[in-house]
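This report refers to the structure that appears directly beneath it.
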Amino acid sequence: TQAADDSLGSAERNAIQSELKALATQIDLEVTQSTWNSKSIFGTGNSTTGAASSVQFKFQIGAGASSTNDVLKFDLLAKDNVSFDDSNTNYKADGLRVSVATAGRAVTSSASAQALMSNIDTAIADVSEGLSYIGAVVNRLTYQETSLTVARTNTEAARSRIEDADMAYEQLQSTKLQILQQTASAMLAQANAGPQSILQLFG
Numbered sequence: 053t054q055a056a057d058d059s060l061g062s063a064e065r066n067a068i069q070s071e072l073k074a075l076a077t078q079i080d081l082e083v084t085q086s087t088w089n090s091k092s093i094f095g096t097g098n099s100t101t102g103a104a105s106s107v108q109f110k111f112q113i114g115a116g117a118s119s120t121n122d123v124l125k126f127d128l129l130a131k132d133n134v135s136f137d138d139s140n141t142n143y144k145a146d147g148l149r150v151s152v153a154t155a156g157r158a159v160t161s162s163a164s165a166q167a168l169m170s171n172i173d174t175a176i177a178d179v180s181e182g183l184s185y186i187g188a189v190v191n192r193l194t195y196q197e198t199s200l201t202v203a204r205t206n207t208e209a210a211r212s213r214i215e216d217a218d219m220a221y222e223q224l225q226s227t228k229l230q231i232l233q234q235t236a237s238a239m240l241a242q243a244n245a246g247p248q249s250i251l252q253l254f255g
């Protein structure tokens with residue numbers, strides 16, 4: 053904004069341009085150092101495939117080894133329509149479409165400064181759109197996580213009802229069997245006592 057003021061001379065604009073250059077260098081450094089899980093988030097584009105080899109993630113979505121899809125490749129900042137195809141399904145992700153706001157960042161005149169401001173506004177709008185998309189995806193994943201957690205809890209509860217022992221019922225059955233065993237032993241002892249008494253009469 054300051055560089056667009058016609059009251060500034062070339063020396064002032066050169067100073068502003070030096071500051072912009074330093075800020076752009078810092079932004080590039082932040083982008084280069086942005087990693088997740090030891091993977092570069094933004095990476096560097098490949099001129100042949102449009103994919104960034106350093107931005108590759110492999111997702112296991114099934115229980116078996118054969119359920120592993122090929123590597124998903126995304127380069128959100130460089131391409132408008134990022135896609136991934138395998139033999140089963142087609143995937144697509146919208147790019148952030150961030151313009152290089154500091155391209156042609158010379159501020160030698162009021163018009164060039166205003167053009168640079170327009171590029172920056174476009175970049176901010178694109179980033180805001182990207183953040184909105186990411187937020188929506190995060191919300192979807194959160195809802196899905198909650199749904200899966202509830203399903204897991206219900207499944208474990210059903211499995212518990214099927215497999216786990218009913219301790220009260222099992223204790224009742226154990227007591228019942230003990231009483232029957234003791235009754236049988238008493239009846240057997242009583243049955244053996246009769247012949248013994250008769251034998252004692254002859255003795």
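Taking my numbering as reference, the numbering of the sequence shown is continuous, increasing by one, and the terminal residue is 255.
From the three backbone atoms N, C-alpha and C, an ideal C-beta is built for every residue, glycine too.
**Message:** The alpha helix (DSSP H) that contains S86, what's its start and end?
**Reply:** Neither: S86 is in no alpha helix (DSSP H) and is coded neither H nor E.
**Prompt:** Is the beta carbon of S92 sitting closer than 9 Å to the one on T84?
**Reply:** Pairing S92 with T84 gives a Cβ-Cβ distance under 9 Å.
**Asked** Are L75 and L168 close, meaning C-beta to C-beta below 9 Å?
**Response** Not in contact: L75 and L168 (Cβ atoms no closer than 9 Å).
**Request:** Over the uninterrupted alpha helix (DSSP H) stretch that includes D178, give me the two end residues.
**Result:** For D178, the enclosing alpha helix (DSSP H) begins and ends at S162 to E215.
**Cβ pair A163, R65 closer than 9 Å** = No; because the gap between Cβ atoms is not below 9 Å, this pair is not in contact.
**Prompt:** Apart from the five residues on each side of it in sequence, which residues of its chain come closer than 6 Å, Cβ to Cβ, to N244?
**Reply:** Spatial neighbours of N244 in its own chain (CB-CB distance under 6 Å, excluding positions within 5 residues in sequence) are not present.
**Request:** Have a look at the DSSP bridge pairing and note the partners of S92.
**Result:** DSSP output for S92 lists T87 as bridge partner(s).
**Helix, strand or coil at D80 according to DSSP, with G and I counted as helix** = Three-state DSSP puts D80 in a helix.
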